[in-house]
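Participant:
Protein chains: 2
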Amino acid sequence: MEYFPAPLEKLVEQFASLPGIGGKSAQRLAFHVLGLPLEEAQAFADAIMEAKRTVTLCPVCRNLTAGGLCGVCASPKRDERTICVVADPRDVMAIERSREFTGRYHVLHGVLSPMHHVGPDDLEIKSLMERVAVGGIDEVIMATNPNTEGEATALYISRLLKPFGVKVTRLAYGIPVGGHLEFADDATLMRALEGRREL
Amino acid sequence: MEYFPAPLEKLVEQFASLPGIGGKSAQRLAFHVLGLPLEEAQAFADAIMEAKRTVTLCPVCRNLTAGGLCGVCASPKRDERTICVVADPRDVMAIERSREFTGRYHVLHGVLSPMHHVGPDDLEIKSLMERVAVGGIDEVIMATNPNTEGEATALYISRLLKPFGVKVTRLAYGIPVGGHLEFADDATLMRALEGRREL
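Heads up: the sequence lines are chains A and B, in that order. Going letter by letter, the first sequence gives residues 0 to 198 in numbering that gives the first Met the number 0. Going letter by letter, the second sequence gives residues 0 to 198 in numbering that gives the first Met the number 0.
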């Protein structure tokens with residue numbers, strides 16, 4: 000026999016289909032939503048559709064926006080001559096939090112990954128080339144993740160950018176701030192030594 | 000400045016308001032939903048409202064139902080003379096999975112908890128008394144959780160049931176099947192010894 004009424008089973012299944020949510024968690028979440036006041040449940044359902052309906056990509060940098068230019072591209076205070084290339088909109092947020100970067104972004108929406116059949120045409124590489132081709136860009140900072148795929152993507156794009164004569168840089172490698180030397184892996188330590196600076 | 004467009008921030012907040020979902024997970028879930036095809040996102044939003052709209056309590060046992068009697072109360076195969084009292088609809092599911100119980104249920108929707116200001120009137124105790132008062136019940140099995148609040152609730156209800164002359168029983172305590180003796184706590188082992196049976 001069925002344990003739960005069908006609409007509840009369906010809601011549990013919906014939650015279970017989310018990444019990182021197992022069966023037990025899905026049940027817990029579905030029961031929580033079922034226990035919410037009607038207007039709060041409605042607000043949740045509305046938030047899903049509202050986000051789906053209104054969130055699009057910025058026509059310039061391909062970051063997420065609620066229509067028109069994204070906040071960074073729309074801001075006159077941001078340096079137009081520097082573009083920081085990231086794989087994901089969440090990386091934009093991470094860099095913004097550091098309050099160090101004052102330029103613009105370009106979001107690739109992924110990295111090159113032959114294993115997962117992701118090629119250059121699946122990423123926002125063409126739109127980046129078009130931005131650089133227009134001119135007025137001094138530096139492109141490759142800020143993809145420091146792993147194999149992120150490296151390969153950074154290298155691939157840096158080669159494509161060569162003919163345009165812009166400076167292409169890569170984020171520095173090294174020991175993370177607040178980390179412990181003894182827990183740093185060999186590759187990181189090696190890069191930290193290579194990139195050592197005079198005090 | 001804002002890192003994400005407002006509708007996305009709102010969706011992240013909605014996910015973060017769910018129990019056991021932290022900020023990072025909420026972000027991950029919101030991005031996942033944003034990446035779903037429109038019809039799948041719609042199905043998710045619909046599942047929430049469908050469950051809220053159609054799932055009600057069974058008029059007899061107070062278990063969840065999609066309208067009318069719940070599956071157990073509607074089944075002519077279930078023994079009407081035995082009622083198993085549980086705290087939560089999920090406990091019904093747990094007991095049904097054991098395929099051992101053939102009677103009916105009564106869902107309290109909580110346990111007595113003075114600490115959390117939950118008194119008898121906040122639980123489905125009155126409806127249980129009414130069922131028993133009608134007659135035709137031989138046994139009430141108290142299947143609340145084996146903790147302080149579950150015990151107190153079982154004891155409280157068993158006292159209320161005394162005047163009706165029905166048999167009131169409690170789930171057996173003991174070592175869990177498949178468990179290890181060495182990991183069993185003292186209280187459980189004591190109860191397992193007390194409740195030992197002849198082979």
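We treat Cβ as the ideally placed atom computed from N, Cα and C, and that holds for glycine.
Please state if the CB of Leu127 of chain A and the CB of Ile156 of chain A are separated by a distance shorter than 9 Å.
Facilitator: Against the first sequence, residue 156 of chain A aligns to sequence position 157. Against the first sequence, residue 127 of chain A aligns to sequence position 128. Going by C-beta atoms, Ile156 of chain A is nearer than 9 Å to Leu127 of chain A.
Participant: Using three-state DSSP, classify Ile124 of chain A as helix, strand or coil.
Facilitator: The residue you call residue 124 of chain A lines up with position 125 of the first sequence. The answer is helix: DSSP assigns Ile124 of chain A an H, G or I state.
Participant: Helix or strand or just coil, what does DSSP make of Gly149 of chain B?
Facilitator: Counting from one through the second sequence, the residue named residue 149 of chain B turns up at place 150. Helix at Gly149 of chain B.
Participant: Locate the alpha helix (DSSP H) running through Lys51 of chain A, then write down its first and last residues.
Facilitator: The residue given as residue 51 of chain A occupies position 52 in the first sequence. That run of the alpha helix (DSSP H) goes Leu37 to Thr53.
Participant: Checking 9 Å against the spacing of the C-beta atoms, do Phe43 of chain B and Gln26 of chain B come in under that value?
Facilitator: Numbered from its first residue, the second sequence carries residue 43 of chain B at position 44. Numbered from its first residue, the second sequence carries residue 26 of chain B at position 27. Taking 9 Å as the Cβ cut-off, Phe43 of chain B and Gln26 of chain B do not qualify as a contacting pair.
Participant: Note down, in chain order, every chain A residue with its Cβ under 9 Å from the Cβ of Lys161 of chain B.
Facilitator: Locating residue 161 of chain B in the second sequence gives position 162, where the first residue counts as 1. Within 9 Å Cβ-Cβ: nothing; Lys161 of chain B doesn't reach chain A, min ~32 Å.
Participant: Are there any heavy atoms of the ligand NAD lying less than 8 Å away from the beta-carbon of His108 of chain B, as far as the coordinates show?
Facilitator: No copy of the ligand NAD appears in this structure; indeed no ligand is present at all.
Participant: Assuming Val106 of chain B and Ala142 of chain B make a contact with CB atoms under 8 Å, what is their CB distance in whole Å?
Facilitator: Looking up residue 106 of chain B in the second sequence gives position 107. Looking up residue 142 of chain B in the second sequence gives position 143. Incorrect: roughly 10 Å between the Cβ atoms, too far for contact.
Participant: Could you pull the DSSP bridge partners for Gly135 of chain B from this structure?
Facilitator: If you number the second sequence from 1, residue 135 of chain B lands on position 136. Beta-bridge partners assigned by DSSP to Gly135 of chain B: none are found.
Participant: How would you list, in chain order, the residues of chain B whose beta-carbon sits under 9 Å from the beta-carbon of Phe100 of chain A?
Facilitator: The count along the first sequence starts at 1 and reaches residue 100 of chain A at position 101. Those within 9 Å of Phe100 of chain A in chain B number zero; the least Cβ separation is about 12 Å.
Participant: Closest to Arg196 of chain A by C-alpha separation, out of A:Pro4, A:Gly173 and A:Ala29, would be which residue?
Facilitator: Walking along the first sequence from the start, residue 196 of chain A turns up at place 197. Nearest C-alpha to Arg196 of chain A: A:Gly173.
Participant: What is the residue span of the alpha helix (DSSP H) that Arg190 of chain A lies within?
Facilitator: For the purposes of this step, residue 190 of chain A is taken as the residue at position 191 of the first sequence. Segment Asp185 to Glu193, the alpha helix (DSSP H) holding Arg190 of chain A.
Participant: Assign Arg196 of chain B to one of three DSSP states: helix, strand, or coil.
Facilitator: Along the second sequence, read from residue 1 onward, the residue named residue 196 of chain B stands at position 197. Coil.
Participant: Taking Cβ positions, are Glu148 of chain A and Val91 of chain A nearer each other than 9 Å?
Facilitator: Here residue 148 of chain A refers to the residue found at position 149 of the first sequence. Here residue 91 of chain A refers to the residue found at position 92 of the first sequence. Taking 9 Å as the Cβ cut-off, Glu148 of chain A and Val91 of chain A do not qualify as a contacting pair.
Participant: Do you know whose CA, among B:Leu28, B:Ala50 and B:Glu129, lies nearest Val59 of chain B's CA?
Facilitator: Your numbering for residue 59 of chain B matches position 60 in the second sequence. Considering only alpha carbons, the answer is B:Glu129.
Participant: Closer than 9 Å, Cβ to Cβ, to anything on chain B: give me those residues from the stretch 38-58 of chain A, in chain order.
Facilitator: Glu39, Ala40, Gln41, Ala42, Phe43, Ala44, Asp45, Ala46, Ile47, Met48, Glu49, Ala50, Lys51, Arg52, Thr53, Val54 and Thr55
Participant: When the Cα atoms are used, what is the spatial distance from Asn62 of chain B to Ile124 of chain A?
Facilitator: Sequence index remark: in the second sequence, residue 62 of chain B carries index 63 (1-based). Sequence index remark: in the first sequence, residue 124 of chain A carries index 125 (1-based). Roughly 55 Å separates the two Cα atoms.
Participant: Alpha helix (DSSP H) containing Lys9 of chain A: first to last residue?
Facilitator: Residue numbering aside, residue 9 of chain A sits at position 10 when the first sequence is read from its first letter. Run containing Lys9 of chain A: Ala5 to Ala15, per the alpha helix (DSSP H) assignment.
Participant: Beta-carbon within less than 8 Å of Phe3 of chain A's beta-carbon, same chain only, minus the 5 sequence neighbours each way: which residues are those?
Facilitator: As a working mapping, residue 3 of chain A is identified with position 4 in the first sequence. Answer for Phe3 of chain A: Val11, listed in chain order.
Participant: In angstroms with no decimal places, state the Cα-to-Cα distance between Ala183 of chain A and Ile20 of chain B.
Facilitator: In the first sequence, the residue the question calls residue 183 of chain A occupies position 184. In the second sequence, the residue the question calls residue 20 of chain B occupies position 21. About 30 Å.
Participant: Just the C-alpha distance for Phe30 of chain B and Leu28 of chain A, rounded to the nearest angstrom, thanks.
Facilitator: As a working mapping, residue 30 of chain B is identified with position 31 in the second sequence. As a working mapping, residue 28 of chain A is identified with position 29 in the first sequence. Near 18 Å, if we compare the C-alpha coordinates of Leu28 of chain A and Phe30 of chain B.
Participant: The alpha helix (DSSP H) with Lys23 of chain A in it runs from where to where?
Facilitator: On the first sequence, residue 23 of chain A is found 24 positions in, with the first residue counted as 1. Boundaries of the alpha helix (DSSP H) around Lys23 of chain A: Gly22 to Gly34.
Participant: Measuring alpha carbon to alpha carbon, tell me which of B:Ala191, B:Asn144 and B:Ala171 ends up nearest Leu227 of chain B.
Facilitator: Since the first residue of chain B shown is 0 and the last is 198, residue 227 of chain B is not available in this structure.
Participant: In this structure, does DSSP put Lys161 of chain B in helix, strand or coil?
Facilitator: In the second sequence, the residue the question calls residue 161 of chain B occupies position 162. Helix, per DSSP.
Participant: Which residues in the same chain as Asp121 of chain B place their Cβ atom closer than 7 Å to its Cβ, once the five residues preceding and following it in sequence are excluded?
Facilitator: Sequence index remark: in the second sequence, residue 121 of chain B carries index 122 (1-based). Within the same chain, Asp121 of chain B has close Cβ partners Gly109.
Participant: Are the C-beta of Met0 of chain B and some C-beta of chain A separated by less than 9 Å?
Facilitator: The residue you call residue 0 of chain B lines up with position 1 of the second sequence. Confidence at Met0 of chain B is low in this model, with a pLDDT of 45, below 50, so its placement is unreliable and no value can be given for it.
Participant: Please state the DSSP three-state secondary structure of Arg61 of chain A.
Facilitator: Stepping through the first sequence from its first residue, residue 61 of chain A is reached at position 62. In the structure shown, Arg61 of chain A sits in coil (DSSP, three-state: anything other than H, G, I, E or B).
Participant: Which residues, in chain order, does the stretch 14-26 of chain B contribute to contact with chain A at a C-beta distance below 9 Å?
Facilitator: Phe14, Ser16, Leu17, Pro18, Gly19, Ile20, Ser24 and Gln26
Participant: Going along chain A in order, which residues have a C-beta closer than 7 Å to the C-beta of His31 of chain B?
Facilitator: Residue 31 of chain B sits at position 32 when you count from the first residue of the second sequence. Among the residues of chain A, those whose CB is under 7 Å from the CB of His31 of chain B are Leu17 and Pro18, following chain order.
Participant: How long is the line joining the alpha carbons of Pro36 of chain A and Thr101 of chain B, rounded to whole angstroms?
Facilitator: Walking along the first sequence from the start, residue 36 of chain A turns up at place 37. Walking along the second sequence from the start, residue 101 of chain B turns up at place 102. Rounded to whole angstroms, the gap between the alpha carbons of Pro36 of chain A and Thr101 of chain B is 34 Å.
Participant: Using a Cβ-Cβ cutoff of less than 7 Å, which residues in the same chain neighbour Met0 of chain A once the five nearest sequence positions on both sides are dropped?
Facilitator: Indexing the first sequence from 1 puts residue 0 of chain A at position 1. Its pLDDT being 45, under 50, Met0 of chain A is placed unreliably by the model, and the measurement read from it follows with that caveat. Answer for Met0 of chain A: no residue qualifies.
Participant: For the beta strand (DSSP E) that contains Arg169 of chain B, what are its first and last residues?
Facilitator: By one-based count along the second sequence, residue 169 of chain B stands at place 170. Arg169 of chain B -> beta strand (DSSP E) spans Lys166 to Arg169.
Participant: Using the beta-carbon count (16 or more within 10 Å), is Ser24 of chain B buried or exposed?
Facilitator: Taking the second sequence and counting its residues from 1, the one referred to as residue 24 of chain B is at position 25. It counts as buried.
Participant: Is Arg89 of chain B helix, strand or coil when you go by DSSP?
Facilitator: Stepping through the second sequence from its first residue, residue 89 of chain B is reached at position 90. Arg89 of chain B: helix per DSSP, three-state reduction.
Participant: Helix, strand or coil: how does DSSP classify Ser112 of chain A here?
Facilitator: Start at 1 with the first residue of the first sequence, and residue 112 of chain A comes out as number 113. Strand.
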